[in-house]
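Number 834 in our numbering belongs to position 63 of the sequence shown; there are no gaps in the numbering. Following: one structure in structure tokens, then a few remarks.
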Amino acid sequence: MTKRLFIRTYGCQMNVYDSDRMAEALALHGWQRVDEAEQADLVVLNTCHIREKAAEKVYSELGRLKRLRARRAAQGGELLLAVAGCVAQAEGEAMLERAPFVDLVVGPQAYHRLPELLARRARERGERIATDFPVESKFDHLPERSGPRGASAFLTVQEGCDKFCTFCVVPYTRGAEASRPVDAILAEARSLLAGGAKELVLLGQNVNAYHGEGPDGRSWSLARLLLALAELPGLARLRYTTSHPKDMSADLIAAHGSIPQLLPYLHLPVQSGSDRVLEAMNRGYTAADYRRIVERLRAVRPDLALSSDFIVGFPGEREEDFEATLRLVEEVGFVQAYSFKFSPRPGTPAASLRGQVAEPVKAERLARLQALLEAQTRAFNEATVGRTVEVLIEGPGRHPGQLAGRTPWQQTVTLEAQGLAPGDLALVTIVGCHAHSLAGRWAAGATAESRA
Ligand code: SAH
Ligand code: SF4
Ligand code: F3S
772 MTKRLFIRTY
782 GCQMNVYDSD
792 RMAEALALHG
802 WQRVDEAEQA
812 DLVVLNTCHI
822 REKAAEKVYS
832 ELGRLKRLRA
842 RRAAQGGELL
852 LAVAGCVAQA
862 EGEAMLERAP
872 FVDLVVGPQA
882 YHRLPELLAR
892 RARERGERIA
902 TDFPVESKFD
912 HLPERSGPRG
922 ASAFLTVQEG
932 CDKFCTFCVV
942 PYTRGAEASR
952 PVDAILAEAR
962 SLLAGGAKEL
972 VLLGQNVNAY
982 HGEGPDGRSW
992 SLARLLLALA
1002 ELPGLARLRY
1012 TTSHPKDMSA
1022 DLIAAHGSIP
1032 QLLPYLHLPV
1042 QSGSDRVLEA
1052 MNRGYTAADY
1062 RRIVERLRAV
1072 RPDLALSSDF
1082 IVGFPGEREE
1092 DFEATLRLVE
1102 EVGFVQAYSF
1112 KFSPRPGTPA
1122 ASLRGQVAEP
1132 VKAERLARLQ
1142 ALLEAQTRAF
1152 NEATVGRTVE
1162 VLIEGPGRHP
1172 GQLAGRTPWQ
1182 QTVTLEAQGL
1192 APGDLALVTI
1202 VGCHAHSLAG
1212 RWAAGATAES
1222 RA
């Protein structure tokens, strides 16, 4: 009998990747993925702890699942509940106290054990918590990637973080920085490409700190890894995220000028434009350092578009600090960004700093910042109208008969185009600009040659 699995994913792209790998590991044990909790025998919540709101969402979802589970039991059935990801890691035992009906709690470094934990649970004698950081990597225990892929595939190359920004839980939930060996990454990349992927997105909490062991026994930088991946047949596009400005090394900057598949788009979170705030955040660079990195990148890749994350209302942030952020946003010309109000996280140094900023001030600053960022995004998108650009078709659009894809600058394009399919690279003329996407027109036959 097939068992049905539903996974709800919160948080970052690394959680999306982990959810896929959990599903693949469970598939070997007869679990088939379904689209709704209502249809499932096992629900996994793959959780995020980064901000208070993200963590609280998990508990409200658990409340809903508790009721679903009771209804199921009343009908003589069973629904298993597992919590994975960063809330599981951060709370462990406390999670079982607050939500005792949860069957299993598995951290981000222990989810390869899910099949075993479920089997033991079925025999009523299993442990319920796996949140250790094992000596052996989970990657050695997960099945190889196989099966069909979408046009764009995630590939985790690095995990954990040693930066200890004063606001952030990641060094605690994901553990110390660790890089996967080059050979394992190349093997996974080959199977993703064989499954139909055209774009690889390398993931890491601090991806440009990558220093995995190469086939020559030496430590390879991210730039070297990118060069090796770019040699793989069938690879049309390459990206990596998330990078830290401090680790934008000279060879990585140079790679942006020399690897044609590397897209002219980089997510490089700056967080703030004020040196005082950057210092209090323990980011390890100044606003001027960041500007210089951007200049060097644009010297080798003039069409590079940048995106960032921002935190407003960090403890001690004054109006003039915030204005420095607005200036930096304009100067760098970010085309996309995520911005957040500072959220004090238990156990992080910034949570107990003096000078916590009042909620209405945070809200007002966030609104101003987002208005500026949105205007820049719009201006950038409008400037694409009339141009003919390469679009990677990724899937169906919203309306029947429509397809959606992305430009090299990660703008979403929708178009009506019979004769194109996901995975195609097409030359598309941008004919319109909506709030969150561009409208494109494909001249039939204008398929961009795969650059690989
Ligand atoms: N490794 C990435 C960030 C991962 S977390 C980096 O160094 O940039 C994603 C984003 O969440 C961060 O960039 C930050 O902007 C935001 N964030 C993290 N902790 C936060 C907190 N306590 N309050 C508000 N935003 C936070
Ligand atoms: Fe968190 Fe800073 Fe590490 Fe990014 S670099 S994951 S913000 S500690
Ligand atoms: Fe969230 Fe963990 Fe990612 S806290 S942002 S899911 S690393």
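For each residue, glycine too, the CB sits at the ideal point set by N, CA and C.
Exposure of P886, with buried meaning 16 or more beta-carbon neighbours within 10 Å: That one is buried.
Rounded C-beta distance between V1041 and P1086? I'm assuming under 8 Å. A Cβ-Cβ distance of about 18 Å is found for the pair V1041 and P1086, leaving them out of contact under the 8 Å criterion.
Just grab the DSSP bridge partners of C1204 for me. Bridge partners of C1204: L1209.
Report all residues from its chain with a CB closer than 8 Å to the CB of S1221; omit the five preceding and five following residues, and keep chain order. Unreliable placement is indicated for S1221, whose pLDDT of 44 sits below 50; no coordinate value is reported for it.
Under DSSP, the beta strand (DSSP E) around G834 begins and ends at which residues? Counting along the chain, G834 sits inside no beta strand (DSSP E); it lies in the alpha helix (DSSP H) bounded by residues 823-845.
Report yes if the C-beta distance between Q1032 and L1009 is below 7 Å; otherwise report no. In contact: Q1032 and L1009 (Cβ atoms closer than 7 Å).
E1102: first and last residue of the uninterrupted alpha helix (DSSP H) it sits in: Unbroken alpha helix (DSSP H) run through E1102: 1090-1103.
Helix, strand or coil for A1175? Go by DSSP, reduced to three states. Of the three classes helix, strand and coil, the one that applies to A1175 here is strand, per DSSP.
Could you spell out where the alpha helix (DSSP H) holding N1152 opens and where it closes? In the DSSP assignment, N1152 falls within the alpha helix (DSSP H) that extends over 1130-1155.
Would you mind giving the Cβ-Cβ distance between A861 and T944, rounded to the nearest angstrom? I have them listed as a contact below 8 Å. Approximately 5 Å separates the beta-carbon atoms of A861 and T944; this is inside 8 Å, confirming the contact.
For R1072, which option in P1035, G1055, F1081 has the closest C-alpha, if you only look at C-alpha atoms? Closest by C-alpha distance to R1072, out of P1035, G1055, F1081, is P1035.
Following a CB-centred definition, is H820 positioned closer than 6 Å to any heavy atom of the ligand F3S? Annotation for H820 indicates a beta carbon within 6 Å of some heavy atom of the ligand F3S.
Could you check the C-alpha separation between R1139 and T1096 for me, to the nearest Å? Rounded to whole angstroms, R1139 and T1096 show a C-alpha spacing of 11 Å.
Cβ-based neighbour list, E915, same chain, cut-off 8 Å, excluding 5 preceding and 5 following: Excluding sequence neighbours, E915 sits near A958, E959, S962.
As assigned by DSSP and simplified to three states, the class of R1008: Note: R1008 maps to strand in three-state DSSP.
Checking 7 Å against the spacing of the C-beta atoms, do M785 and T937 come in under that value? Taking 7 Å as the cut-off, the Cβ atoms of M785 and T937 do not count as close.
List the endpoints of the continuous beta strand (DSSP E) containing R804. First-last of the beta strand (DSSP E) with R804: 802-804.
Would you kindly work out how many angstroms separate the C-alpha atoms of V805 and A1021, rounded to a whole number? The alpha-carbon separation between V805 and A1021 amounts to approximately 45 Å.
Below 7 Å between beta carbons: does that hold for N1152 and Q1181? If you check the CB distance, N1152 and Q1181 do not come in under 7 Å.
Whole-Å CB distance - V873 paired with M866, under 8 Å assumed: Contact holds; Cβ gap of about 7 Å.
Leaving out five residues on either side along the sequence, give the residues of the same chain with a beta carbon under 7 Å from the beta carbon of G1176. Closer than 7 Å at Cβ, skipping near neighbours: V1162, L1163, I1164, E1165, V1184.
Reference Y1109; option with closest CA among V1083, R1047, M1019: Here the closest residue by C-alpha is V1083.
Any idea which residues DSSP pairs Q1042 with across the strands? DSSP lists F1081 as partners of Q1042.
From the DSSP output, which residues share a beta bridge with Q929? Per DSSP, S950.
Cβ shell of D1046 (< 7 Å), same chain only, five flanking positions each side left out: Listed in chain order, the non-local C-beta contacts of D1046 below 7 Å within the same chain comprise T1057, A1058, local neighbours out to five positions each way being set aside.
Once you ignore the five residues that flank L836 on each side, which residues in its own chain have a CB closer than 7 Å to its CB? For L836, where only same-chain residues beyond five positions count, the Cβ hits under 7 Å are A808, V814, L852.
Tell me which residue opens and which closes the alpha helix (DSSP H) that E1187 is part of. Per DSSP, E1187 belongs to no alpha helix (DSSP H); it is in the beta strand (DSSP E), 1183-1187.
Thinking just about the alpha-carbon of each residue, which of G921, R995, E864, T1012 is nearest to the one in E930? Nearest of G921, R995, E864, T1012 to E930, Cα basis: T1012.
Simplified DSSP assignment, three categories, for E854: First, the amino acid is wrong: residue 854 is Val here, not Glu. V854 falls in the strand class under three-state DSSP.
What distance in whole Å lies between the Cβ atoms of F1105 and L1077, which are believed to be in contact at a cut-off of 8 Å? Yes, L1077 and F1105 are in contact; Cβ-Cβ is about 5 Å, under 8 Å.
With DSSP run on the structure shown, which of helix, strand or coil describes E1002? Coil at E1002, not helix or strand.
If distances are taken between C-alpha atoms only, which option among W1213, L1023, V854, G967 comes closest to V978? Nearest C-alpha to V978: L1023.
Roughly how many angstroms separate the alpha carbons of N817 and E823, rounded to a whole number? One C-alpha to the other measures close to 16 Å.
Would you be able to state if there are at least three C-beta pairs under 8 Å between the stretch 946-958 and the stretch 903-922? The answer is yes - the stretch 946-958 touches the stretch 903-922, with three or more Cβ pairs under 8 Å.
In angstroms, rounded to a whole number, what distance separates the CA positions of R779 and Q803? Cα to Cα, R779 sits roughly 14 Å from Q803.
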